[in-house]
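To keep things clear, I will list the structure first and then write my remarks on it.
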Amino acid sequence: MSTRTDTPTRAHRDPDSRAWFGVAVVRNAWRALTSMRTALVLLFLLAVAALPGALLPQRSLNRNLVDQYFADYPAIAPVLDDLGFFDVFAAPWFASIYLLLMVSLVGCVLPRTVEHASTLRAMPVATPRKLERLPHHGTAVLDAGLDEAAGRVRGRLKGWRVREDDDGAGRTFSAEKGYVREAGNLVFHLSLIGLLVGFAAGKLFGYEGQVIVASGGGQFCNTGILGYDSFRAGLRVDGTDLAPFCVRVDDFRAEYLPNGQAESFDASLGYQSIEDLEAGRVDEWRYFPLAVNNPLRLEGNRVYLLGHGYAPRFTVTFPDGQQRTGDVQWRPVDQVTLLSEGATKFERPGVTDDEQRRTTQLAVTGLLAPTTSGGDLVTSVFPALRDPEVAIDVLRGDLGLDDGRGQSIFQVDRAKVDSGELVRVARANLLPGQATTLDDGTVVRFDGVREWVSIQVSHDPGQNAVLVFAVLMLAGLGLSLSIRRRRFWARLTPVDGGGTAVEIGGLARTDRAGYGEEFDRLRADLLQTPEKDA
Amino acid sequence: MLTEFALYSDRLLMAAVGVYVLAMILHGLEFARERLENDVLVGAGGPPTPEPPAPAPLPPARPATAPRVQANRFGRMAVALIVLGAGLHIVSIVLRGVSAERWPLGNMYEFTSMICLTAVVTWLVVLRRSPAMRPVGLFVLLPVVILLFLGGTVLYAQAAPVVPALRSYWLVVHVTTIGLSSGLLLVSGTASLLFLLRRSGRFASLAQRLPGADVLDRLAYRTTIIAFPLYTFGVITGAIWAEAAWGRFWGWDPKETVAFVAWVVYAAYLHARATAGWRTGSAAWINVAGFSMIIFNLFFINIVIAGLHSYAGLG
Chain G
468 MSTRTDTPTR
478 AHRDPDSRAW
488 FGVAVVRNAW
498 RALTSMRTAL
508 VLLFLLAVAA
518 LPGALLPQRS
528 LNRNLVDQYF
538 ADYPAIAPVL
548 DDLGFFDVFA
558 APWFASIYLL
568 LMVSLVGCVL
578 PRTVEHASTL
588 RAMPVATPRK
598 LERLPHHGTA
608 VLDAGLDEAA
618 GRVRGRLKGW
628 RVREDDDGAG
638 RTFSAEKGYV
648 REAGNLVFHL
658 SLIGLLVGFA
668 AGKLFGYEGQ
678 VIVASGGGQF
688 CNTGILGYDS
698 FRAGLRVDGT
708 DLAPFCVRVD
718 DFRAEYLPNG
728 QAESFDASLG
738 YQSIEDLEAG
748 RVDEWRYFPL
758 AVNNPLRLEG
768 NRVYLLGHGY
778 APRFTVTFPD
788 GQQRTGDVQW
798 RPVDQVTLLS
808 EGATKFERPG
818 VTDDEQRRTT
828 QLAVTGLLAP
838 TTSGGDLVTS
848 VFPALRDPEV
858 AIDVLRGDLG
868 LDDGRGQSIF
878 QVDRAKVDSG
888 ELVRVARANL
898 LPGQATTLDD
908 GTVVRFDGVR
918 EWVSIQVSHD
928 PGQNAVLVFA
938 VLMLAGLGLS
948 LSIRRRRFWA
958 RLTPVDGGGT
968 AVEIGGLART
978 DRAGYGEEFD
988 RLRADLLQTP
998 EKDA
Chain F
268 MLTEFALYSD
278 RLLMAAVGVY
288 VLAMILHGLE
298 FARERLENDV
308 LVGAGGPPTP
318 EPPAPAPLPP
328 ARPATAPRVQ
338 ANRFGRMAVA
348 LIVLGAGLHI
358 VSIVLRGVSA
368 ERWPLGNMYE
378 FTSMICLTAV
388 VTWLVVLRRS
398 PAMRPVGLFV
408 LLPVVILLFL
418 GGTVLYAQAA
428 PVVPALRSYW
438 LVVHVTTIGL
448 SSGLLLVSGT
458 ASLLFLLRRS
468 GRFASLAQRL
478 PGADVLDRLA
488 YRTTIIAFPL
498 YTFGVITGAI
508 WAEAAWGRFW
518 GWDPKETVAF
528 VAWVVYAAYL
538 HARATAGWRT
548 GSAAWINVAG
558 FSMIIFNLFF
568 INIVIAGLHS
578 YAGLG
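If you're matching them up, the sequences are chains G and F in order. Position one of the first sequence corresponds to residue 468 (my numbering), numbered consecutively onward. Position one of the second sequence corresponds to residue 268 (my numbering), numbered consecutively onward.
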């Protein structure tokens, strides 16, 4: 395969070389792809392509903002959506840019690795004839014999890779230093690939689920997707093989500054690790102080404290004396004062007739203020649970629970209210212990408030690899930017009447940033002339 | 007691800004005097020399004319004032931390102050190593003063404790390194802009007072190769912190995304420096683009888009 057909045109003319033409096209395309210029263009494209991910709302971050964008810009939002601008980091065009970049990188770095390996074994190049043409240069006549001068040069070049030749007239030295620069450069780029692979592994095999657990003994076990309120699975995760650990939220404390700003969130957690459960220790709970910035780490899974809120407890006493209690969580609508809204839903016990059931369902909806302002219009003045009050509407009728449609646990179905199937039968502001009585004698009592915490379970099998490669990357980057690859030559010629003429030259093989100072020191040491630019 | 420290801190920062502005004025006078001196030498009304030699530190052979001596004196005074301003600035930041009883990098105001201090200290270090750079001081101080002014007015926040998510030793590591690298990149971006100005040949009367294009280019490159690994370290520690605080190490939050974009742009800058035909002009533009990404990330993303990094302390 040593036939030289460098230009595709020549290959094309040769009838026997159709195949060569193809090879040449592929080879040229490969060369173009792996050239630095292409890498630069791809880096630019990557930067530009990532920007919409910051400027436009992204589904992966906040679905509501995307919906808002659709409402605000009905004309262009669908077009942007078709082009993937609301899922930039999952868009094919984004993937194609970074994959091309990775291919370009591999195509550039692998040959360089091979080349570097052979450079490490090779001797420095021969000394050029005209040292005065080099960017760094100096001459002097030393008052020393050839061997003494050579010894001095040899001693000064400790730590350099040196090749010493006898050129007939005298002696030449060729030295090179800074091989670690290229090694660091290669480590950086190869680690970048490793980092991307780790990142991708995390996206494939990782998952993330959020769940709300009542404080004061609420439990959660990581046994399946259904246990979660929301769950984001990696592409290769079907939810059948989750690590089955359990947590119990024993207590939750939030501390606030006088202005209402949160100071700390701490949850006392009990947990049972997978080993505990396998060993049958189902009654023992290990303690863990879960806090923001302090997740619980359990064999590749992490449990986070994401947020908290309140769940008012209502007891409904029906006319026949039967009681039902509900304390589902309400959600904060104001993150500063934790004013919360929600809907606690009840079904009348003992009613089996479908028709009747649909007219007797109850929903207690409204607002909960953890620290009430005390006015007729209930608002919250502080996020801590100091003086709670609820402002509720009691609705009766058909909640739509049997319609087969999922509905929010925080709201009633508006359509049922609009159609008159759900009717407001009472409105009241209640302090804990107070009750309101409906027209049919049903009593709705506000018992008090429980706190809930929202926790997240995350699993990312790639993240340790990502960290390792990120650290390697940084180390490689540091080496490749701080170390300079430079060459140094010296030619020693004996002069008539004793003494040795020394001519030195230097060349930085990489960029222009500063070989000068080091060369000046070399010059000063070897030629004993004051530091001065040549 | 502690609120008093906050007050002192604010006053000191104001004083530092005042001193920086004075230093700028003196640098301006230095320019004006230099020009006068040039006119004397060239002859008033003579054609402006297109590419005069860089004003190296006073070649001794040249006669020391009165304007030149004056210019030199103004320049020295400006540098002395910058040192004074940096001193006040440091004490201001320390007192801020004392009054808030935490690391003084908890909101945009404090972060901006930190970036500016880094830029000024970087500049003083540069100046110590190559005094001939002195006229560039005016252009380093300009963005510093603008940023500090914005910080003290638009972004200002009372010294106060931070939210639970920010209570982590990673705040010290992550925000400090990002602040330091941003300050270095400010100097680098300024140097690249001046390099482009010098090369373009426009504003010749101003540009010719600057060091040579290659000197500016080298300054830009050297500060970037220190700042870039530091910035990378900052991003990595940010990811480590995000893993502990938000449940994932990288989630394409707007701040993370633009940090990534800036990183890619600086990576492109370093690659451009190693590519024939891109080494100088294009590379300088890329460097400027990189710094504008840093500024964009600081202001636009924090104020307009927010996201998880909504620690600005605004509103």
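Ideal Cβ positions, reconstructed from N, Cα and C, are used throughout, including at glycine. Since the model is a prediction, treat every value here as computed from it, not as a measurement.
- DSSP, read as helix, strand or coil, puts residue 390 of chain F in helix.
- Spatial neighbours of residue 355 of chain F in its own chain (CB-CB distance under 6 Å, excluding positions within 5 residues in sequence) are listed in chain order as 279, 282 and 283.
- For residue 420 of chain F, no chain G residue has a Cβ inside 9 Å of its Cβ, as the nearest lies near 22 Å away.
- In the displayed model, residue 540 of chain G falls within coil according to three-state DSSP, outside both helix and strand.
- In the three-state reduction of the DSSP assignment, residue 487 of chain F falls in the helix class, which pools H, G and I.
- The Cβ atoms of residue 837 of chain G and residue 729 of chain G do not sit closer than 9 Å to each other.
- A residue is called buried when at least 16 other Cβ atoms come within 10 angstroms of its Cβ; residue 499 of chain G does not meet this threshold and is exposed.
- Ranked by how close their Cα comes to the Cα of residue 890 of chain G, the residues G:860, G:869 and G:896 have G:860 in first place.
- Using a Cβ-Cβ cut-off of 7 Å, residue 571 of chain G is close to nothing in chain F; its nearest Cβ partner there is about 11 Å away.
- In this structure, F:555 is the residue among F:301, F:295, F:273 and F:555 with its C-alpha nearest to the C-alpha of residue 452 of chain F.
- Taking the CA atoms as reference points, residue 744 of chain G sits about 16 Å from residue 691 of chain G.
- Here DSSP, grouped into helix, strand and coil, assigns residue 499 of chain F to helix.
- Annotation: Cβ neighbours of residue 572 of chain F in chain G (cutoff 8 Å, chain order): 521 and 522.
- Here residue 971 of chain G is bridged, per DSSP, to G:605 and G:957.
- Pairing residue 909 of chain G with residue 784 of chain G gives a Cβ-Cβ distance under 9 Å.
- Relative to the Cα of residue 489 of chain F, the nearest Cα in the group F:389, F:275 and F:334 belongs to F:389.
- Judged by DSSP secondary structure, residue 457 of chain F falls within the alpha helix (DSSP H) whose first and last residues are 443-467.
- At a Cβ-Cβ threshold of 9 Å, residue 634 of chain G and residue 594 of chain G count as neighbours.
- By the C-beta density criterion, residue 478 of chain F is buried, having at least 16 other C-beta atoms within 10 angstroms.
- For residue 830 of chain G, the enclosing beta strand (DSSP E) starts and ends at 828-836.
- Cβ-Cβ distances below 6 Å link residue 603 of chain G to 973 and 986 in the same chain, with the five nearest sequence neighbours on each side left out; the list follows chain order.
- 758, 759, 760, 761 and 762: these are the residues of the stretch 738-762 of chain G whose beta carbon lies less than 8 Å from some beta carbon of chain F, given in chain order.
- Residue 796 of chain G and residue 679 of chain G do touch by the CB rule: their CB atoms are close to 5 Å apart, below 8 Å.
- Against chain G, the beta carbon of residue 510 of chain F has neighbours under 9 Å at 762, 769, 925, 927, 930 and 934, listed in chain order.
- Listed by position along chain F, the residues whose Cβ is nearer than 7 Å to that of residue 504 of chain G are 542.
- For residue 527 of chain G, the nearest CB of chain F lies under 9 Å from its own CB, placing it at the interface with that chain.
- Cβ-Cβ distances below 8 Å link residue 516 of chain F to 506, 507, 509 and 510 in the same chain, with the five nearest sequence neighbours on each side left out; the list follows chain order.
- When G:535, G:566 and G:711 are compared, the shortest CA-CA separation from residue 512 of chain G is found for G:566.
- In the three-state reduction of the DSSP assignment, residue 524 of chain G falls in the coil class, being assigned neither a helical nor a strand state.
- Minimum Cα-Cα distance from residue 900 of chain G among the listed residues G:857, G:867, G:933 and G:938 corresponds to G:857.
- Three or more beta-carbon pairs separated by less than 8 Å are not found between the stretch 519-534 of chain G and the stretch 575-584 of chain G, which leaves the two stretches without contact.
- DSSP places residue 586 of chain G in the uninterrupted alpha helix (DSSP H) bounded by 559-588.
- By the Cβ rule, the stretch 464-476 of chain F does not count as touching the stretch 555-567 of chain F, because fewer than three pairs are nearer than 8 Å.
- One Cα belongs to residue 534 of chain G, the other to residue 932 of chain G, and the distance between them is close to 36 Å.
- If you ignore the 5 residues before and after residue 463 of chain F, its C-beta comes within less than 8 Å of the C-beta of 548, 551, 552 and 555, all in its own chain and listed in chain order.
- With respect to the 9 Å criterion, residue 682 of chain G and residue 734 of chain G are classified as neighbours on the basis of their beta carbons.
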